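One structure is given below, encoded as structure tokens.
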Amino acid sequence: MSLEVKVPVVGESITEVTIAQWLKKDGDRVEMDEVIAELESDKATFELPAEAAGILRIVAQEGDTINVGAVICTIDQDGAGAAPSAPAAKTEAAPAQAAAPAQAAAQPAAATATVVGETVEMKVPTVGESISEVTIASWLKKDGDFVQMDEVIAELESDKATFELPAEAAGTLQIVAQQGDTVEIGGLLCRITPGGAGSAVANAQANAKQEAATQQVAQTVSASSGAQTYASGTPSPAAGKILAERGINAADVQGSGRDGRITKEDAQNAQARPAAQAAAAPAARQEAAAPAATGDRNQRREKMSSLRKTVARRLVTVKNETAMLTTFNEVDMKPIMDIRAKYKDKFKEVHEVGLGFMSFFTKACTVALKEWPAVNAQIDGNDMIFSDFVDISIAVSSPKGLVVPVIRNAEQLSLDGIEKEVVRLAKKARDGKLSIEEMTGGTFTITNGGVFGSMMSTPIINAPQSAILGMHNIVQRPVAINGQVEIRPMMYLALSYDHRIIDGRESVSFLVRVKELLEDPMRLLLGV
1 MSLEVKVPVV GESITEVTIA QWLKKDGDRV EMDEVIAELE SDKATFELPA EAAGILRIVA
61 QEGDTINVGA VICTIDQDGA GAAPSAPAAK TEAAPAQAAA PAQAAAQPAA ATATVVGETV
121 EMKVPTVGES ISEVTIASWL KKDGDFVQMD EVIAELESDK ATFELPAEAA GTLQIVAQQG
181 DTVEIGGLLC RITPGGAGSA VANAQANAKQ EAATQQVAQT VSASSGAQTY ASGTPSPAAG
241 KILAERGINA ADVQGSGRDG RITKEDAQNA QARPAAQAAA APAARQEAAA PAATGDRNQR
301 REKMSSLRKT VARRLVTVKN ETAMLTTFNE VDMKPIMDIR AKYKDKFKEV HEVGLGFMSF
361 FTKACTVALK EWPAVNAQID GNDMIFSDFV DISIAVSSPK GLVVPVIRNA EQLSLDGIEK
421 EVVRLAKKAR DGKLSIEEMT GGTFTITNGG VFGSMMSTPI INAPQSAILG MHNIVQRPVA
481 INGQVEIRPM MYLALSYDHR IIDGRESVSF LVRVKELLED PMRLLLGV
């Protein structure tokens, strides 16, 4: 019976792959789960395991680009007992003969490894209703390590939070998805072969012996012939394209792939070698008048985190899909600063939390949002959703990027209650411990760019909300007070809003109301 092996689904946005190289030849016998080829997409390189034991029949050749789901080879399962394939050509005879002792030496070591029980496949768990994929932030254990039941073996990262992945069994870890890969919910992350620590040690010793034997044979072949394999210095299809676009000779690039093959990452990190001195002399004379660059000119490339990619995508979406504009006003912060100076010590003594500006702004916004409900509303298709509660999202800068935890029912909280929530959420954000529930929802957002020195900005709406208030730095400026010029601590306020649901009258009136409440804090206490 012949089994068709097709290109597997390797990512949501990947529609085709290139065959980087076949690790087995047409007609070779392959074992179940043995890696037979390397596939390469525009994002990563993947290994293709055999789906059954039998005789390999190659359909697509090296360098071919084929669609996901297309047949790449077939495996003749009836060939399980077939005779070995014919000897290789004379040009390949020496490496094959040299490799034979290594294989024979490795077999006794591999035979000592035992597998107890059935292999446990660990898949990406469901971590939130709106999360469809996660990125492997880091593996805390290495491939082949022995892990205990419930031991944390990896950290997974979504666009909203970071999660720990505990082992579902005790045994030897076999990593499937690599660090940095993005895997869909339900996708395979790793396998655990149950067994005692002794089994793990035996496996490790066997692997070490096999690797040492292989290296010894490779050194013997290299010393006797001085030749490299056909893959040495050969770029993969994607790497070749990058090198051609950048005008870099493949001979100038050191390959880090299998048998010295040049990978996509090698091509991306490669730099063009300086031209020969004979050709460089005229150029040097021509550019003698140009000043030479001095100092370090290093660059580094970092992969965007899942959180950063999601933030970028959402910001562009908001910019393109909303009728966003911004209105400005300024507020005299002296009354609030006087209250803080007078009562902050007593406030902290009684409530065990500091009295900051955020509680005043949050409280003022909850009052103004009740009076102008459209600013607290959202658009859902052809409907407008109005909420009779106020969930304030607070933009917080964390080590992994901007996160926006939510203060629930902020309209019911006192100043000390708001301050305690702000402190709690900010600490969890910095520690990367925010849950999905703590970042989901929100009807209005407050962001404080003033802590970084921003004088004025136009904040972008936090979709699907319809408005966001931007706070800025406090600057001593001369202002007219009752016909007299006085120096006051002034802050610019910015309200960005979606004009599809919020009219100019509502946005301006909302901001004026916030200004009135902040400049006369007694209104907040009296509710007027």
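Oh and the sequence shown: position 102 is 102 in the UniProt record's numbering, straight run, nothing missing. Heads up, the beta-carbon is just placed ideally off N, CA and C, and yes, glycines get one too. The model shown is predicted, which means the values in this text are computed figures rather than measured ones.
Residues near residue 453 by beta carbon distance below 6 angstroms, same chain, minus five either side: 473
Tell me whether residue 239 sits in a helix, a strand or coil according to DSSP, three-state version. Here residue 239 carries a helix assignment [DSSP, helix/strand/coil].
Which residue wins for smallest C-alpha separation from residue 171, given the options 139, 121, 134? Residue 171 has its Cα closest to that of 121, out of 139, 121, 134.
What does a CB cutoff of less than 6 angstroms around residue 49 pick up in its chain, not counting 5 residues either side in sequence? 33, 35
Residue 444 - DSSP class collapsed to helix/strand/coil: strand
Does the segment 450-469 come close enough to the segment 298-310 that 3 or more CB-CB pairs lie under 8 angstroms? no
Uninterrupted beta strand (DSSP E) stretches inside the segment 453-527 (no shorter than 3 residues): 467-471, 474-481, 484-498
Would you report the Cα separation of residue 448 and residue 396, rounded to the nearest angstrom? A direct Cα-Cα distance of roughly 9 angstroms separates residue 448 from residue 396.
Kindly indicate if chain D contains any beta-carbon less than 8 angstroms away from that of residue 391. Reference to chain D is not applicable here, since this structure consists of a single protein chain.
Tell me which same chain residues have a C-beta within less than 6 angstroms of the C-beta of residue 79, skipping the five on either side of it? Any reading at residue 79 is ruled out, since the residue's pLDDT is 49, under 50, leaving its predicted position unreliable.
Does residue 157 pass the burial test, meaning 16 or more other C-beta atoms within 10 Å, or should it be called exposed? buried
Cutting at 7 angstroms between CB atoms, please list the residues of its own chain near residue 326, excluding the five before and the five after it. Counting only Cβ-Cβ distances below 7 angstroms, and skipping sequence neighbours, we find 458, 494, 495, 496.
Go ahead and label residue 377 buried or exposed: buried means 16 or more other beta carbons lie within 10 angstroms of its beta carbon, across all protein chains shown. buried
Residue(s) in a DSSP beta bridge with residue 123: 188
Going by beta carbon distance, what residues of the same chain come within less than 7 angstroms of residue 423, once the five residues before and after it are set aside? Apart from sequence neighbours up to five positions away, the residues of its chain that approach residue 423 with a beta-carbon distance below 7 angstroms are 353, ordered along the chain.
Any idea what DSSP makes of residue 88, helix, strand or coil? Note that residue 88 has pLDDT 39, beneath the 50 cutoff, so the model's placement of it is unreliable and the number below is only indicative. Residue state, collapsed to three classes: coil.
Span of the beta strand (DSSP E) around residue 137: Judged by DSSP secondary structure, residue 137 falls within the beta strand (DSSP E) whose first and last residues are 133-139.
Whole-Å CB distance - residue 233 paired with residue 255, under 8 angstroms assumed: 6 angstroms
In the DSSP assignment, find the alpha helix (DSSP H) that holds residue 350 and state where it starts and stops. Judged by DSSP secondary structure, residue 350 falls within the alpha helix (DSSP H) whose first and last residues are 334-351.
From what residue to what residue does the beta strand (DSSP E) around residue 67 run? Run containing residue 67: 65-67, per the beta strand (DSSP E) assignment.
Look at the Cβ atom of residue 135, then the Cβ atom of residue 180, and state whether they are nearer than 8 angstroms. Yes, these two residues count as a Cβ contact at 8 angstroms.
Nearest to residue 241 by alpha carbon, out of 178, 63, 295? 63
Alpha carbons only, please: which of 187, 178, 191, 520 is nearest the one belonging to residue 167? When each option's Cα is compared against that of residue 167, the closest is 191.
Where residue 233 falls: helix, strand or coil (DSSP): Here DSSP, grouped into helix, strand and coil, assigns residue 233 to coil.
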